[in-house]
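Count the sequence shown with my numbering and you get residues 6 to 128, in order.
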Amino acid sequence: MSSNARNQHTFNARERRKAYRVIGGLKASLHNPNVSEAAKASAVKRLEELEAGTEGEEEAETEKAEFNLREKAKAMDDEGALRESPATMHRLIGQYKAVLKNPKAPAEAKRQAQEALESGLGE
Numbered sequence: 006m007s008s009n010a011r012n013q014h015t016f017n018a019r020e021r022r023k024a025y026r027v028i029g030g031l032k033a034s035l036h037n038p039n040v041s042e043a044a045k046a047s048a049v050k051r052l053e054e055l056e057a058g059t060e061g062e063e064e065a066e067t068e069k070a071e072f073n074l075r076e077k078a079k080a081m082d083d084e085g086a087l088r089e090s091p092a093t094m095h096r097l098i099g100q101y102k103a104v105l106k107n108p109k110a111p112a113e114a115k116r117q118a119q120e121a122l123e124s125g126l127g128e
């Protein structure tokens, strides 16, 4: 992924989080008894506008998931095993090491990561 694409992806993710926070705030104002009826009507109108704009985001998320699946398929050979390109192997080793260092990772995941690294993958 190029630097520009990565920055755009980060920007899009940040904008989505911001939009979800705005939507959450508007919904909260609808249920707040201290908010005036005029403000609630304005919140309803704004929610409708925002929710109409988020329909395209679902399509973008689907396209992103399909892209990730295509990329993963490229890294596999015909039998479904990982191609042993240096970049793929380095990524895989890094993922296993990250699991071992993650205090929230389940014990079973840590055991599998340790076994994979000990089997010669990390050499």
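All C-beta atoms, glycine included, are put in the ideal place defined by N, C-alpha and C. In this text, all values refer to a predicted model and were calculated from it rather than measured experimentally.
Rounded to the nearest angstrom, the Cβ distance from Leu52 to Lys32 is 7 Å, consistent with a contact under 8 Å. Annotated three-state conformation of Lys32 is helix, per DSSP.
Straight through space, the alpha carbons of Leu122 and His95 are spaced by roughly 12 Å.
With distances taken between CA atoms, Leu35 lies nearest to Ala48 out of Pro111, Ala48, Ala103, Ala112. Beta-carbon to beta-carbon, Leu97 and Ala118 are separated by about 10 Å, too far to satisfy the 8 Å threshold. Shown here, Pro38 sits in coil according to DSSP, grouped into three states, outside any helix or strand.
Here Tyr101 is buried, its C-beta having at least 16 other C-beta atoms within 10 Å.
In this structure, Lys115 is the residue among Ala92, Lys115, Thr93 with its C-alpha nearest to the C-alpha of Ala103. Rounded to whole angstroms, Arg21 and Glu54 show a C-alpha spacing of 15 Å. In this structure, DSSP gives Asn17 a helical state, which the three-state scheme calls helix.
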